[in-house]
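Below is one structure, written out as structure tokens; comments come after it.
There are 2 protein chains.
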Amino acid sequence: MPRSPDLLFRSLADPTRRAIFEGLCRHGEQTVGALTAKAGVSQPAVSKHLGVLRQAGLVRERHEGRLTHYRAQPKALAPLLDWTSRMATFWESRFDDLENLLNRMDQ
Amino acid sequence: MPRSPDLLFRSLADPTRRAIFEGLCRHGEQTVGALTAKAGVSQPAVSKHLGVLRQAGLVRERHEGRLTHYRAQPKALAPLLDWTSRMATFWESRFDDLENLLNRMDQ
DNA sequence: TTAATTCATAACCGCTTGGTTATGGGTTTG
DNA sequence: CAAACCCATAACCAAGCGGTTATGAATTAA
Numbered sequence: 017m018p019r020s021p022d023l024l025f026r027s028l029a030d031p032t033r034r035a036i037f038e039g040l041c042r043h044g045e046q047t048v049g050a051l052t053a054k055a056g057v058s059q060p061a062v063s064k065h066l067g068v069l070r071q072a073g074l075v076r077e078r079h080e081g082r083l084t085h086y087r088a089q090p091k092a093l094a095p096l097l098d099w100t101s102r103m104a105t106f107w108e109s110r111f112d113d114l115e116n117l118l119n120r121m122d123q
Numbered sequence: 017m018p019r020s021p022d023l024l025f026r027s028l029a030d031p032t033r034r035a036i037f038e039g040l041c042r043h044g045e046q047t048v049g050a051l052t053a054k055a056g057v058s059q060p061a062v063s064k065h066l067g068v069l070r071q072a073g074l075v076r077e078r079h080e081g082r083l084t085h086y087r088a089q090p091k092a093l094a095p096l097l098d099w100t101s102r103m104a105t106f107w108e109s110r111f112d113d114l115e116n117l118l119n120r121m122d123q
């Protein structure tokens, strides 16, 4: 089920959390330990960030023994794209003239 | 000058602020008073939200006597679209096989 | 079994933040 | 000029949040 953009915006508003998600998108599945090594904050802080990202649907976990692997779920970004393009659409639809639109965009 | 997505995410993380911006995108230029009437919070609160949105480049103001009109600047959403699509790109580029990609997206 | 490792949770803390009321500058109206 | 109006800023406050250390459950290694 698609989630509203609220959780997504709130989750991605924090730089540390965004960096963790970005690392998972760039380099694929990683353990909490690996993520902690790059995060610059303590392991419990990373775990809490992962909890927030998981609640927003942005990451998924996979347990393997005492290791926990996390991977990005970039499909969860879809509502964000939807909302953003919808804002642009609302704005654009208020003009009939395309040139007028482009002129205003360069203002 | 393009801004980093950080200010954008932080600015749009608040529901009230996002509603104000959405109202400006939907219905065009509006005064602070008109925005306050729909916001459900006090006028100073709206002014502060507009200040945050302005600092993020998401809105612009136009003074006309004692009225202040605000309008959306949806072009400022571009870094947000860039970041989001970049995340998807990073993630996709880690697979050679397109079918494999699609399968994983449906997981 | 004992010790070490990995991670999540609990408890706590300081800062940020979103809200309020109070106030004042600038502008229009009477 | 005086009064009303529009908005921004200041000052303050409660709540949320991101960080920490401490601890424990679960798993692996010795």
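Protein chains in written order, with my numbering: chain D, 17 to 123; chain G, 17 to 123.
Cβ atoms here follow ideal geometry from the backbone N, Cα and C, with glycine treated the same way.
So for residue i, helix, strand or coil by DSSP?
i: G/GLN71; result: helix
i: G/ALA88; result: strand
i: G/ARG78; result: strand
State yes or no: is the beta carbon of residue i nearer than 8 Å to at least one beta carbon in chain G?
i: D/ARG42; result: yes
i: D/PRO90; result: yes
i: D/ALA72; result: no
i: D/ARG82; result: no
i: D/ALA61; result: no
How many Å lie between residue i and residue j at the Cα?
i: G/ALA53; j: D/ALA104; result: 24 Å
i: D/LEU51; j: D/LEU69; result: 13 Å
i: G/SER27; j: G/ARG34; result: 8 Å
i: D/GLY67; j: G/GLY81; result: 50 Å
i: G/THR100; j: D/ALA61; result: 24 Å
i: G/ALA94; j: D/GLN59; result: 34 Å
i: D/PHE106; j: G/GLU38; result: 9 Å
Which residues in the same chain have their Cβ closer than 6 Å to the Cβ of residue i, if we skip the five residues on either side of it in sequence?
i: G/LEU23; result: ALA72
i: G/GLU45; result: HIS85, ARG87
i: G/HIS43; result: none
Might you give, ordered along the chain, the residues of its own chain that have their beta carbon closer than 7 Å to the beta carbon of residue i, omitting 5 neighbours on each side?
i: D/LEU96; result: PRO21, LEU24
i: D/GLN89; result: GLY73, LEU74, VAL75, ARG76
i: D/HIS65; result: THR32, ARG33, ILE36
i: D/VAL57; result: THR32
i: D/SER63; result: VAL48
Less than 7 Å between the CB of residue i and some heavy atom of the ligand ADP, yes or no?
i: D/GLN71; result: Within the structure as shown, the ligand ADP is missing, as the structure has no ligands at all.
I'd like to know if residue i contacts chain D, where contact means its C-beta is closer than 8 Å to some C-beta of that chain.
i: G/PRO31; result: yes
i: G/ASP22; result: yes
i: G/THR100; result: yes
i: G/ALA53; result: no
i: G/GLU77; result: no
i: G/LEU69; result: no
i: G/LEU93; result: yes
i: G/ALA104; result: yes
i: G/LEU97; result: yes
Quick one: residues in its chain with C-beta nearer than 8 Å to the C-beta of residue i, no 5 flanking neighbours on either side, listed in chain order?
i: G/THR84; result: THR47, VAL48, GLU77, ARG78
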